[in-house]
Amino acid sequence: MSGLFGQFLLNLFIALLWLLLVDAPTPEITTFFSGFVVGIGILYVMHRFFGTRFYLKRVMKLVNLILLFIKEILISSFSVMKQIITPKLNITPGIFTYKTNLEGEWEVTALALLLTLTPGSVVMEVSEEGDVFYIHAMDIEQSKEEVIRSIGKFEKAIMEVTR
Numbered sequence: 066m067s068g069l070f071g072q073f074l075l076n077l078f079i080a081l082l083w084l085l086l087v088d089a090p091t092p093e094i095t096t097f098f099s100g101f102v103v104g105i106g107i108l109y110v111m112h113r114f115f116g117t118r119f120y121l122k123r124v125m126k127l128v129n130l131i132l133l134f135i136k137e138i139l140i141s142s143f144s145v146m147k148q149i150i151t152p153k154l155n156i157t158p159g160i161f162t163y164k165t166n167l168e169g170e171w172e173v174t175a176l177a178l179l180l181t182l183t184p185g186s187v188v189m190e191v192s193e194e195g196d197v198f199y200i201h202a203m204d205i206e207q208s209k210e211e212v213i214r215s216i217g218k219f220e221k222a223i224m225e226v227t228r
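Numbering (my numbering), first residue to last: 66 to 228.
Below you can see the structure in the form of structure tokens.
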């Protein structure tokens, strides 16, 4: 993680240096951004010498995770709204367990928060080892498969961001 943060700081330094070396009477934000873009190009060409992957790849994976979360929250929100507006509430709430492949506190916490924020499911508890989730689903018969599908997508996206 520190190598990626170091790349970002180096990119900011290149942009600041670009801003200072451009012969302009007053510094402009557009000059700084153009220096930042030049820095991205320089760092992309040289990132193999840092021993870590290019930092913007992780940023793009994080953006993909956020977009996935927005998509899943919209899908589950419509599912919950559909259940709410039906005249007869025909749901079977229940609890199920899910064994995750994620490791580390950050990954497990991120998955638990993403699932809890998604309507229709709540992570009630995580095992001591951090590999088993106890999840409450609004409709165990219908939404369990949807929740498991969402968990798989979230796990993959979280691993792409953290590893």
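Glycine residues also receive a C-beta, built at the ideal position from the N, C-alpha and C atoms.
query	result
Top-ranked residue by Cα proximity to PHE114, from LEU139, GLY68, GLY195 and PHE98	GLY68
Delimiting residues of the beta strand (DSSP E) encompassing VAL102	Segment 94-111 is the alpha helix (DSSP H) holding VAL102; no beta strand (DSSP E) there.
Contact check, PHE219 vs LEU154, beta carbons under 8 Å	no
Same chain, Cβ closer than 7 Å to ILE223, five either side skipped, listed in chain order	LEU130, LEU167, GLU172, ALA175 and LEU176
Local Cβ density within 10 Å of GLY217, reported as buried at 16 or more and exposed below that	exposed
At least 3 beta-carbon pairs within less than 8 Å: the stretch 100-108 vs the stretch 71-89	yes
DSSP state of MET189 mapped onto helix, strand, coil	strand
Same chain only: Cβ atoms within 6 Å of ILE205, ignoring 5 sequence neighbours per side	THR157 and GLY159
Nearest-angstrom Cα separation, counted from PRO90 out to LEU77	21 Å
Buried or exposed by the 16-neighbour rule on C-beta atoms within 10 Å, applied to VAL128	exposed
CB of ASP196 within 8 Å of CB of LYS147, strictly	no
Three-state secondary structure assigned by DSSP to GLY116	coil
Helix, strand or coil at VAL87 according to DSSP, with G and I counted as helix	coil
Endpoints, the beta strand (DSSP E) within which THR162 is located	159-164
As assigned by DSSP and simplified to three states, the class of ILE200	strand
Alpha-carbon spacing of ARG214 relative to TYR199, whole angstroms	16 Å
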